[in-house]
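Below: one structure, written as structure tokens.
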Amino acid sequence: MPEYAFIGRSNVGKSSLINMLVNHHGLAKTSQRPGKTQLINHFLINQEWYIVDLPGYGYAKVSKTSREKWEKFIRAYITKRESLQCIFVLIDSRLEPQQIDIEFCYWLGEKQIPFALLFTKADKQGMNESIKNANAFKKKLGEFFEEVPASIITSAEKHTGKEDVLNFIYEVNKD
Ligand code: GDP
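Listed below in structure tokens is the structure:
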């Protein structure tokens, strides 16, 4: 069955966003210790497709060895998984473009993995600020990509973008 993976820096709001999409608080669990969870969790939706919860990246306190282990494991999943349709890269809408997120997107581009951007926590500031940060991020990607990937501004708190994300998935599933 088709898989849609969610990834981003630790604390970006990934668990909250997954829980919002499926109306199930506590389905995707927040790790008490960021960077601790190193599993790939699958959640079957409507007996039709999977949400794949990938461990967060960029947690400063994990050792170099465990970071390398993470990289190998996740990169193998991303590049080899045939059922993977699209990866949602979560970006904190409050921040200006962060190098680690840009580099991850560049790597996806290099490997020709389809992905879309989800800007998170948009309720934390005015919509204009979120749009400004989203545009700055896409501009950075534009230096590398001919076609900038789709992006959706979201808030798990306010359920912003929920329909857009689900519609995006249903559209890809139709093809
Ligand atoms: P994860 O580590 O990426 O899975 O992030 P979590 O979903 O656990 O969220 C990290 C923190 O950000 C938690 O304190 C959440 O309550 C908070 N958070 C996540 N999404 C939102 C959001 O849309 N709005 C607000 N205001 N806070 C959020």
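When we follow UniProt numbering, the leftmost residue of the sequence shown carries the number 1, and every step to the right adds one.
For every residue, glycine included, the Cβ atom is placed at its ideal position computed from N, Cα and C.
query: For Arg9, three-class secondary structure by DSSP; result: strand
query: Classification of Tyr4 by the beta-carbon crowding that lies within 10 angstroms, buried from 16 upward; result: buried
query: Check: Ser151 C-beta below 7 angstroms from any heavy atom of the ligand GDP; result: no
query: Span separating the alpha-carbon of Tyr106 from that of Asn11; result: 21 angstroms
query: Any non-hydrogen atom of the ligand GDP within 7 angstroms of Asn41 CB; result: no
query: Rounded distance between the beta-carbons of Arg94 and Lys69, thought under 8 angstroms; result: Not confirmed; about 30 angstroms, so no contact.
query: The segment 64 to 81 in contact with the segment 20 to 31 per 3-pair CB rule at 8 angstroms; result: no
query: Under the three-state DSSP convention, the category Val89 falls into; result: strand
query: Every unbroken alpha helix (DSSP H) inside the segment 95 to 161 [4 residues or more]; result: 99 to 110, 127 to 142
query: Any non-hydrogen atom of the ligand GDP closer than 7 angstroms to Val12 Cβ; result: yes
query: Phe144, buried or exposed, once every other Cβ within 10 Å from all chains shown has been counted against 16; result: exposed
query: The ligand GDP heavy atom lying under 7 angstroms from the CB of Glu157; result: yes
query: Host beta strand (DSSP E) of Asn41 (start-end); result: 41 to 45
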